[in-house]
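Only one structure is covered here, and it is reproduced in the block below.
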Amino acid sequence: MAMKRSRKITLVLLGGVASGALAGCEDPAPTAVYADVPSCIRDGQPEGVCRSSFAEAEGQHAAVAPKYASTAECETDFGPEQCRPVDPAHTNGGVGFMPFFAGYLLAGGGRVAAQPAYRGYDPATRRYDGLYTASGTRLSPAFGRTSVYPSNASRPSATRSMTVSRGGFGATGRAMSGGGLGGFGG
Amino acid sequence: MRRLSLPVYPDWRAWCAEQSFDFAEPGGEGYWRDDAAYAFDLTALERDVEGPADELLAMMDDLAGRVAESERDLAFLGIPSDWWDAIRASRKRGDLSVYGRMDLAYDGTGPAKLLEFNADTPTGLYETGAVQWHWLERRKASGDLPADADQYNRLHEALIERWRAFPPHGGPLVASSGPEPEDRVTAEYMRDLAQQAGHVTGHTPIDAIGLTSTGLLVDERDQAIRLWFKLYPWEWLATEVFGPALRAMVADGRVIVVEPLWRSVLSNKGMLALLWRDHPGHPSLLPTYAEDDPAAVKLGPHHAEKPFFAREGHNVRLIGPEGVTARAGPYGGRAVRQALAAVPSFDTPEGRVHTVLGAWAVGNAFVALSVREDASRITTDDAWFVPHVLA
Numbered sequence: 004m005a006m007k008r009s010r011k012i013t014l015v016l017l018g019g020v021a022s023g024a025l026a027g028c029e030d031p032a033p034t035a036v037y038a039d040v041p042s043c044i045r046d047g048q049p050e051g052v053c054r055s056s057f058a059e060a061e062g063q064h065a066a067v068a069p070k071y072a073s074t075a076e077c078e079t080d081f082g083p084e085q086c087r088p089v090d091p092a093h094t095n096g097g098v099g100f101m102p103f104f105a106g107y108l109l110a111g112g113g114r115v116a117a118q119p120a121y122r123g124y125d126p127a128t129r130r131y132d133g134l135y136t137a138s139g140t141r142l143s144p145a146f147g148r149t150s151v152y153p154s155n156a157s158r159p160s161a162t163r164s165m166t167v168s169r170g171g172f173g174a175t176g177r178a179m180s181g182g183g184l185g186g187f188g189g
Numbered sequence: 008m009r010r011l012s013l014p015v016y017p018d019w020r021a022w023c024a025e026q027s028f029d030f031a032e033p034g035g036e037g038y039w040r041d042d043a044a045y046a047f048d049l050t051a052l053e054r055d056v057e058g059p060a061d062e063l064l065a066m067m068d069d070l071a072g073r074v075a076e077s078e079r080d081l082a083f084l085g086i087p088s089d090w091w092d093a094i095r096a097s098r099k100r101g102d103l104s105v106y107g108r109m110d111l112a113y114d115g116t117g118p119a120k121l122l123e124f125n126a127d128t129p130t131g132l133y134e135t136g137a138v139q140w141h142w143l144e145r146r147k148a149s150g151d152l153p154a155d156a157d158q159y160n161r162l163h164e165a166l167i168e169r170w171r172a173f174p175p176h177g178g179p180l181v182a183s184s185g186p187e188p189e190d191r192v193t194a195e196y197m198r199d200l201a202q203q204a205g206h207v208t209g210h211t212p213i214d215a216i217g218l219t220s221t222g223l224l225v226d227e228r229d230q231a232i233r234l235w236f237k238l239y240p241w242e243w244l245a246t247e248v249f250g251p252a253l254r255a256m257v258a259d260g261r262v263i264v265v266e267p268l269w270r271s272v273l274s275n276k277g278m279l280a281l282l283w284r285d286h287p288g289h290p291s292l293l294p295t296y297a298e299d300d301p302a303a304v305k306l307g308p309h310h311a312e313k314p315f316f317a318r319e320g321h322n323v324r325l326i327g328p329e330g331v332t333a334r335a336g337p338y339g340g341r342a343v344r345q346a347l348a349a350v351p352s353f354d355t356p357e358g359r360v361h362t363v364l365g366a367w368a369v370g371n372a373f374v375a376l377s378v379r380e381d382a383s384r385i386t387t388d389d390a391w392f393v394p395h396v397l398a
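Residue numbers (the numbering used here), protein chains in the order written: chain A, 4 to 189; chain B, 8 to 398.
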């Protein structure tokens, strides 16, 4: 009689056996976020690493910083008066707005790439809520030592050819979750 | 159809954790029923469930094609008119559907009957495709079930096969889900299957999806998304800030979405009235009318009321001989009135439960069965998921 069930169940992402890449299955890497080179050195980091990480991050900033179609959209993520126009060399002729360079992530152990950090803003509470990578990974609540998952802190890619807004999906789900309705599948 | 009690398996919670089945007991409340199972006779199942399921799927696919071209039917379903062109384009283009779950009333006698169709974001995917399959192997290994016990369940392999059918699209498949942990696991499972089918995959939370000034969806690294698996309802996306942009992208095919936009006509409960209109008297359908249809009086005083856009049993009312059962919720609007179905109930150590079958479809074929039992006559997200065996 023919079997009615799958012959074999293999999972490559979930489950115990394979590398199981749900967030949290890789080991976090120790690193740090600093506003400038002197504070990095004062914190006991190797001077050469402080200088080279800062230079690399500063060099990347114009290309990799998130870019928005309007000041208002940029300020929703980064706060009032924290955005400036994008250099036309980094848009394809369009207008763009981007946040200021707030600091940099220290390169670490071959697993974490030096890159710019930005101060994030929560418009709901009107508070600055930590330091973020260009792609929106939260690094740390404040400057100083922290740890990150390497897959969240790999070298950022340039956002030169377009302006990007975020957060335009998900509001209904958050409202439903807050109302204690659990999942919405059905 | 019988309900079996099995010995409590020691450390079943640890076993669930190993499977990344993190929501086996959400908030400490019951969900996964490890020490019970429903037993079905295969011949009866093939006759009463498999046959009708495949027929219902064909009927609904045919209906979707006609509704996509009918302004009258789209208006009936309460779908805003600025979305009609995109729905028609999605269907005409043949955007592939991957999966769906029908809820069926079946008590072991006579053909199963359609309660509703979750054609957009059906839950219970991982439990059905993988967890209950592994449960069967474990129970056989421990001698609690016979060595040749089987299960109606090829969801896992069928989904991998289905993901192979997608044409090359020049980028990764990006999976997105909302904040609930169980939705994250479901999305991760689907992503796993797509990866096994040969797609490069990634995950981007739904609220991290970006929109470029050039009209593309992008992931957190600003890479364009060409193939998007979204575990998030179409009718929510439609009302959100990026909704109009997404509509334009679907209209001209800039992004392929799973489940495709045309499936939203089937996950709409108003569809059940259209199905009854087109196939009155069909043995696997329950008589269903829009609540404001004069013909609805034919149902008499006992019937179910279900808002077109309600989910997870919220805002459903059952008016039966034993009284009214209702579930609170935020969903209002027009409802269908549906005849009450004969849903079986069973005694368990925790009390009486009402049992509903989930018939999983991949493409237009029935491939797997799941079972849920609920203390309420309305199946909700408090229902227990119970594995099954063919015996």
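Every residue, glycine too, gets a C-beta built ideally from N, C-alpha and C.
Measure from the alpha carbon of residue 145(A) to the alpha carbon of each residue in 42(A), 159(A), 70(A) and 17(A), then state which is nearest. Working through the first sequence from its first residue, we reach residue 145(A) at position 142. Minimum Cα distance to residue 145(A) is reached at 42(A).
What is the DSSP secondary structure of residue 164(B), reduced to helix, strand or coil? Translated into the one-based positions of the second sequence, residue 164(B) becomes position 157. In the structure shown, residue 164(B) sits in a helix (DSSP, three-state: H, G or I).
What residue from 284(B), 212(B) and 130(B) has the CA that sits closest to residue 189(B)'s CA? Within the second sequence, residue 189(B) is the residue found at index 182, counting from 1. Answer by Cα proximity: 130(B).
Which chain A residues sit within Cβ distance under 7 Å of residue 225(B)? To locate residue 225(B), count along the second sequence from 1; it is residue 218. Simply 167.
Interfacial residues, the stretch 53 to 73 of chain A to chain B, with Cβ spacing under 7 Å: Residues passing the 7 Å Cβ filter: 72.
Is residue 174(A) close to chain B, meaning its C-beta is less than 8 Å from at least one C-beta of that chain? Position 171 of the first sequence holds residue 174(A). Interface residue, yes.
At which residues does the alpha helix (DSSP H) containing residue 196(B) begin and terminate? Translated into positions along the second sequence, residue 196(B) becomes position 189. Per DSSP, residue 196(B) belongs to the alpha helix (DSSP H) from 188 to 203.
Between 147(B), 262(B), 385(B) and 334(B), which lies nearest to residue 348(B) when the distance is taken from Cα to Cα? Here residue 348(B) corresponds to residue number 341 of the second sequence, with the count starting at 1. For the residues 147(B), 262(B), 385(B) and 334(B), the minimum Cα distance to residue 348(B) belongs to 385(B).
Flag residue 6(A) as yes if its beta-carbon sits less than 8 Å from any beta-carbon of chain B, otherwise no. Here residue 6(A) is taken as the residue at index 3 of the first sequence, counted from 1. By this cut-off, residue 6(A) is an interface position.
Whose Cβ in chain B lies nearer than 7 Å to the Cβ of residue 171(A)? Stepping through the first sequence from its first residue, residue 171(A) is reached at position 168. The CB of residue 171(A) comes closer than 7 Å to the CB of 218, 247, 248 and 249 in chain B, given here in chain order.
Contacts of residue 15(A) in chain B (Cβ-Cβ under 8 Å): For the purposes of this step, residue 15(A) is identified with residue 12 of the first sequence, where counting begins at 1. Going along chain B in sequence order, the residues near residue 15(A) (Cβ under 8 Å) are 199, 202 and 203.
Would you check whether the ligand NAP has a heavy atom nearer than 7 Å to the C-beta of residue 138(B)? The ligand NAP is absent from the structure shown, which contains no ligand whatsoever.
Note down, in chain order, each residue of its chain lying with its Cβ closer than 6 Å to the Cβ of residue 24(A), except the 5 sequence neighbours on either side. Residue 24(A) sits at position 21 when you count from the first residue of the first sequence. Legend: pLDDT at residue 24(A) = 33, less than 50; position of this residue unreliable, no value from coordinates given.
For residue 75(B), tell me which candidate among 268(B), 284(B), 171(B) and 381(B) has the shortest Cα-Cα distance. As a working note, residue 75(B) is residue 68 in the second sequence. Taking only the C-alpha atoms, the option nearest residue 75(B) is 268(B).
Is the shortest distance between the beta-carbon of residue 139(A) and the beta-carbons of chain B less than 8 Å? As a working note, residue 139(A) is residue 136 in the first sequence. Residue contact with chain B for residue 139(A): present (Cβ-Cβ distance below 8 Å to some residue of chain B).
Taking residue 372(B) as the reference, give the member of 90(B), 106(B), 42(B) and 295(B) with the closest Cα. Within the second sequence, the letter at position 365 stands for residue 372(B). For the residues 90(B), 106(B), 42(B) and 295(B), the minimum Cα distance to residue 372(B) belongs to 106(B).
Would residue 144(B) pass as a contact of residue 392(B) if the rule is Cβ separation under 8 Å? Sequence index remark: in the second sequence, residue 144(B) carries index 137 (1-based). Sequence index remark: in the second sequence, residue 392(B) carries index 385 (1-based). No.
From which residue to which residue does the alpha helix (DSSP H) around residue 80(A) run? Along the first sequence, one-based indexing puts residue 80(A) at 77. First-last of the alpha helix (DSSP H) with residue 80(A): 74 to 81.
Along the stretch 230 to 243 of chain B, where does the CB come closer than 8 Å to a CB of chain A? Name the residues. Taking 8 Å as the Cβ-Cβ cut-off against chain A, the residues of the stretch 230 to 243 of chain B that qualify are 230, 238, 239, 240 and 243.
Beta-carbon proximity of residue 121(B) to residue 63(B), cut-off 8 Å: Numbered from 1 along the second sequence, position 114 holds the residue referred to as residue 121(B). Numbered from 1 along the second sequence, position 56 holds the residue referred to as residue 63(B). It is a contact, given that the beta carbons lie within the stated cut-off.
Between the alpha carbons of residue 150(B) and residue 335(B), how many angstroms are there, rounded? For the purposes of this step, residue 150(B) is identified with residue 143 of the second sequence, where counting begins at 1. For the purposes of this step, residue 335(B) is identified with residue 328 of the second sequence, where counting begins at 1. For residue 150(B) and residue 335(B), the distance between alpha carbons rounds to 43 Å.
Got a sec? Which residues, its chain only, sit under 8 Å from residue 194(B) by beta carbon, not counting five neighbours each side? In the second sequence, counting from the first residue as 1, residue 194(B) sits at position 187. Taking residue 194(B) as the centre and dropping the five residues before and after it, the same chain places the C-beta of 182, 183, 184, 210, 236 and 238 closer than 8 Å to its C-beta, in chain order.
Quick one: give me the first and last residue of the beta strand (DSSP E) that residue 326(B) is part of. The residue you call residue 326(B) lines up with position 319 of the second sequence. Bounds of the beta strand (DSSP E) holding residue 326(B) are 324 to 327.
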